[in-house]
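Trainee: Those letters in the sequence shown? Residues 12 to 262, per the working numbering, in order. Each residue gets a CB set at the ideal place from its N, CA and C atoms; glycine is no exception. Keep in mind it's a predicted model, so treat the numbers as computed, not measured. I'd like to ask some things about the structure below.
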Amino acid sequence: MKRTVLITGATSGIGLATAKLLARHPFRLILCGRRLDRLNALQTELTGLTECKVLSFDVRESEEVQAALQSLQGDWKDIEVLINNAGNAHGLDPIQTGKQYDWDAMIDINVKGLLYVSQHVIPGMTERKSGHIINIGSIAGKEVYPNGNVYCASKFAVDALTRGMRMDLNPYGIKVTGIHPGLVETEFSLVRFKGDEARASQVYKGYEPLKAEDIAELILFTVTRPPHVVLADVVVLPTAQASATIVKKDL
Ligand code: NDP
Ligand code: 8X3
Numbered sequence: 012m013k014r015t016v017l018i019t020g021a022t023s024g025i026g027l028a029t030a031k032l033l034a035r036h037p038f039r040l041i042l043c044g045r046r047l048d049r050l051n052a053l054q055t056e057l058t059g060l061t062e063c064k065v066l067s068f069d070v071r072e073s074e075e076v077q078a079a080l081q082s083l084q085g086d087w088k089d090i091e092v093l094i095n096n097a098g099n100a101h102g103l104d105p106i107q108t109g110k111q112y113d114w115d116a117m118i119d120i121n122v123k124g125l126l127y128v129s130q131h132v133i134p135g136m137t138e139r140k141s142g143h144i145i146n147i148g149s150i151a152g153k154e155v156y157p158n159g160n161v162y163c164a165s166k167f168a169v170d171a172l173t174r175g176m177r178m179d180l181n182p183y184g185i186k187v188t189g190i191h192p193g194l195v196e197t198e199f200s201l202v203r204f205k206g207d208e209a210r211a212s213q214v215y216k217g218y219e220p221l222k223a224e225d226i227a228e229l230i231l232f233t234v235t236r237p238p239h240v241v242l243a244d245v246v247v248l249p250t251a252q253a254s255a256t257i258v259k260k261d262l
């Protein structure tokens, strides 16, 4: 029997790579994101590998999240693995000139969005007394870096929520994992720099960053451990990266 996995942010980067990899293993997938065209294309691509459902919603919108998750029918409601991956950085400004709309986006998506999705998935897990929640944090949730202020705060919050979930859900045998990547080349920097491709690509020059597939492999390893094993907290960096601010670059 395939386990049902819900992946937020499956239209791009880490979520997309994870969907493609898990589809080749005994999982069926609920693919989430705002860009419905990408979700539909992914569902088509994965046809023949596994069954997929597509749910298009904005994690910022509590009512949209509720409606999407309540639209699941039958045993598709029994989500066994929740991958809270949707998120981004918006801007890279010092606190004194940061934009409120960027702050709102990061807090609303990375923190409140994660909570909105989780609140509709957790009751099924507690009822069944099983499940696995994987929260994608960041090295930015372990260390603050200059101009990272609110993005770092949002990822510190993800780390705190991960630890809190692990405590509160412990009586129910639910696994909770925090995965905290360093620099991964995805659309992340393009979003952070508002579509400025030159600035975004500069972030990944002069060293070999992680690929989304590297994180997908880690997620696959995490969800295929035996019942008595949980990877609680994993920081994963490119070899060239020693901390949030130290990256060996050959430029
Ligand atoms: P991408 O920009 O490639 O992917 C982000 C995903 O999040 C997209 O699928 C996007 O889907 C989804 N998303 C963003 N906003 C919303 C929203 N409001 N509602 C629903 N879905 C949303 O970046 P990554 O793959 O790199 O990022 C994935 C996660 O990994 C994020 O939480 C990020 O913070 C984290 N991370 C990334 C690192 C990196 O260096 N790349 C390092 C450490 C952590 P859509 O736009 O279709 O809604
Ligand atoms: C993404 C990695 O270093 O840009 O979370 O914050 S970093």
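Does R139 come out as helix, strand or coil in the three-state DSSP assignment?
Mentor: Within the sequence shown, the letter at position 128 stands for residue 139. Helix at R139.
Trainee: Within the segment 61 to 127, note down every full beta strand (DSSP E) run reaching 3 residues or more, in order along the chain.
Mentor: Whole beta strand (DSSP E) segments, 3+ residues: 63 to 67, 92 to 95.
Trainee: Assign K216 to one of three DSSP states: helix, strand, or coil.
Mentor: Position 205 of the sequence shown, counted from the first residue, corresponds to residue 216. Correct three-state label for K216: coil.
Trainee: Going by beta-carbon coordinates alone, are I145 and I94 separated by less than 7 Å?
Mentor: Position 134 of the sequence shown, counted from the first residue, corresponds to residue 145. Position 83 of the sequence shown, counted from the first residue, corresponds to residue 94. For I145 and I94, yes; Cβs fall inside 7 Å.
Trainee: Among T233, D244, K259, which residue has its Cα nearest to the Cα of K216?
Mentor: If you number the sequence shown from 1, residue 216 lands on position 205. K216 has its Cα closest to that of K259, out of T233, D244, K259.
Trainee: Report yes if the C-beta of H97 is less than 6 Å from at least one heavy atom of the ligand 8X3; otherwise report no.
Mentor: Sequence index remark: in the sequence shown, residue 97 carries index 86 (1-based). It should be noted that the sequence gives Ala, not His, for residue 97. Flag unset: Cβ of A97 not near the ligand 8X3.
Trainee: Check whether the Cβ atoms of V76 and V128 lie closer than 7 Å to each other.
Mentor: As a first step, residue 76 must be located in the sequence shown, where it is residue number 65. As a first step, residue 128 must be located in the sequence shown, where it is residue number 117. The answer is yes: Cβ separation under 7 Å.
Trainee: Looking at the secondary structure, which residues open and close the beta strand (DSSP E) in which K166 lies?
Mentor: The residue you call residue 166 lines up with position 155 of the sequence shown. That residue, K166, is in no beta strand (DSSP E); its alpha helix (DSSP H) goes 160 to 179.
Trainee: Express the C-alpha separation of N160 and M12 in angstroms, rounding to a whole number.
Mentor: Counted from its first residue, the sequence shown places residue 12 at position 1. Counted from its first residue, the sequence shown places residue 160 at position 149. Taking the straight line joining both Cα atoms gives about 44 Å.
Trainee: Do G193 and L248 have their C-beta atoms closer together than 7 Å?
Mentor: As a working note, residue 193 is residue 182 in the sequence shown. As a working note, residue 248 is residue 237 in the sequence shown. Closer than 7 Å, so yes.
Trainee: If you draw a straight line from the alpha carbon of K186 to that of D261, how long is it in whole angstroms?
Mentor: For the purposes of this step, residue 186 is identified with residue 175 of the sequence shown, where counting begins at 1. For the purposes of this step, residue 261 is identified with residue 250 of the sequence shown, where counting begins at 1. Cα-Cα distance, rounded: 40 Å.
Trainee: Does I150 come out as helix, strand or coil in the three-state DSSP assignment?
Mentor: Position 139 of the sequence shown, counted from the first residue, corresponds to residue 150. Here I150 sits in helix by DSSP.
Trainee: Taking any heavy atom of the ligand 8X3 as the mark, which residues have a C-beta closer than 5 Å to it, listed down the chain?
Mentor: My final list is S149, A151.
Trainee: I'd like to confirm something about R210: is its beta-carbon nearer than 6 Å to some heavy atom of the ligand NDP, or not?
Mentor: The residue labelled residue 210 in the question sits at position 199 within the sequence shown. No, the ligand NDP has no heavy atom inside 6 Å of this Cβ.
Trainee: Any contact of the segment 236 to 248 with the segment 207 to 215, i.e. 3+ C-beta pairs under 8 Å?
Mentor: Touching, no.
Trainee: Under 8 Å, with one C-beta from each stretch per pair, do the segment 191 to 205 and the segment 131 to 145 reach the 3-pair mark?
Mentor: No, they do not touch.
Trainee: How would you call Q252, buried or exposed, if buried means at least 16 neighbouring beta carbons within 10 angstroms?
Mentor: As a working note, residue 252 is residue 241 in the sequence shown. Buried, because 16 or more other Cβ atoms sit within 10 Å of the Cβ of Q252.
Trainee: To the nearest whole angstrom, what separates the beta carbons of C43 and A28, a pair I think is in contact under 8 Å?
Mentor: The residue given as residue 43 occupies position 32 in the sequence shown. The residue given as residue 28 occupies position 17 in the sequence shown. 15 Å between Cβ atoms; not a contact.
Trainee: Mark L181 as exposed unless 16 or more other C-beta atoms lie within 10 angstroms of its C-beta, in which case mark it buried.
Mentor: If you number the sequence shown from 1, residue 181 lands on position 170. Reading off the sequence, residue 181 comes out as Asn, not Leu. N181 comes out exposed.
Trainee: Taking C-alpha atoms, which residue in Y112, I41, F68, T19 lies nearest to K205?
Mentor: Taking the sequence shown and counting its residues from 1, one reaches residue 205 at position 194. K205 has its Cα closest to that of Y112, out of Y112, I41, F68, T19.
Trainee: On the CB-based measure, 16 or more other CB atoms within 10 Å of its CB, does F68 come out buried or exposed?
Mentor: On the sequence shown, residue 68 is found 57 positions in, with the first residue counted as 1. When all chains shown are included, F68 counts as buried.
Trainee: Nearer than 6 Å: is that true of the beta carbon of T137 relative to any heavy atom of the ligand NDP?
Mentor: The residue given as residue 137 occupies position 126 in the sequence shown. No, since every heavy atom of the ligand NDP falls outside the 6 Å radius drawn around the Cβ of T137.
Trainee: When we look at the beta-carbon of A255 and count the other beta-carbons within 10 Å, is it buried (16 or more) or exposed?
Mentor: Numbered from 1 along the sequence shown, position 244 holds the residue referred to as residue 255. Burial call: buried.
Trainee: On a Cα-Cα basis, can you pick out the residue from E72, F167, D48 that is closest to V155?
Mentor: The count along the sequence shown starts at 1 and reaches residue 155 at position 144. Per the Cα distances, F167.
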